[in-house]
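Reminder that position 131 of the sequence shown reads as 130 in numbering that gives the first Met the number 0, one-by-one numbering, no gaps.
Accompanying notes for the structure given below.
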Amino acid sequence: MALERDAEVMHFLNGGPVDHATTDPDAVTFLMPRGTETDVWTARREDSGEFVGWFCLHAESESRAELGYRLARRHWGQGLASEGAAALVEWGFETAGYCEIVACTMAINHGSRRVMEMVGMRHTHSVVLEDGSIPGSEHGEVWYAVKRSDWRERKPTT
0 MALERDAEVM
10 HFLNGGPVDH
20 ATTDPDAVTF
30 LMPRGTETDV
40 WTARREDSGE
50 FVGWFCLHAE
60 SESRAELGYR
70 LARRHWGQGL
80 ASEGAAALVE
90 WGFETAGYCE
100 IVACTMAINH
110 GSRRVMEMVG
120 MRHTHSVVLE
130 DGSIPGSEHG
140 EVWYAVKRSD
150 WRERKPTT
């Protein structure tokens, strides 16, 4: 998948591009979302149908889900990550009935942190990573969360 071969896209996930010829998809499932997964959505540009990336909302329990996303670099900085993440957060609370949605990223991934904040999440805690093999991992990982009641209070009315 071209998305995982882009070193900048994969920088905060595993330190560089994924070589799918040598990667066992069962060993690193988070790198290779499958079309049969019910919690993964692909994103395409409405005007051209061009693949933008993917978003996921993975149920950790009946009341809690983890948000994730990965976009092709050429689509960064256009608000698409925030738009897709906001749609999934709304779906997670209003349709799936989750009470809390969480997300995490490397502390130095300011773009992803901004997306989490834009959809109403707040920083809850930081974790020191044991495996420092990814450049920047020495700064740790940050977790964000939003509860349904807080999201509803802050949700803009349209």
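In this text, a Cβ means the ideal position worked out from N, Cα and C, and glycines have one as well.
Expressed to the nearest angstrom, what Euclidean distance is found between the alpha-carbon atoms of residue i and residue j?
i	j	result
ALA102	ARG72	20 Å
LEU79	ILE100	19 Å
ALA95	THR41	18 Å
GLU45	HIS124	36 Å
HIS122	SER47	35 Å
PHE54	VAL118	14 Å
ALA20	SER148	Confidence in ALA20 is poor, its pLDDT being 45 and thus under 50, which makes the residue's placement unreliable; the coordinate value appears in the next sentence. Between ALA20 and SER148, the C-alpha separation is close to 45 Å.
SER136	HIS109	13 Å
LEU56	ASP130	25 Å
SER60	GLY76	32 Å
ALA58	GLU93	15 Å
Drop a sphere of 10 angstroms on the beta-carbon of residue i, count the other beta-carbons inside from all chains shown, and report buried for 16 or more, exposed for fewer.
i	result
GLU49	exposed
VAL126	exposed
SER111	buried
GLY91	buried
GLY52	buried
ARG69	buried
Just checking my contact of residue i with residue j at CB under 8 Å: how many whole Å lie between their CB atoms?
i	j	result
VAL145	MET120	5 Å
ARG153	TYR97	Not quite, the Cβ-Cβ distance comes to about 16 Å (not below 8 Å), so this is no contact.
VAL114	SER81	5 Å
For residue i versus residue j, is the C-beta distance shorter than 8 Å?
i	j	result
LEU128	GLU140	yes
TRP150	VAL88	yes
ALA84	LEU66	yes
ILE107	HIS74	no
Q) In chain order, which continuous runs of the alpha helix (DSSP H) of length 4 or greater are located wholly inside the segment 91-154? A) Within the segment 91-154, the complete alpha helix (DSSP H) segments at least 4 residues long are 109-117, 147-153, listed from N- to C-terminus.
Q: Please list the segments of the beta strand (DSSP E) lying wholly inside the segment 35-98, counting only runs of 3 or more residues, in order along the chain.
A: Taking only runs of at least 3 residues, the beta strand (DSSP E) segments lying wholly in the segment 35-98 are 39-43, 50-58, 63-70.
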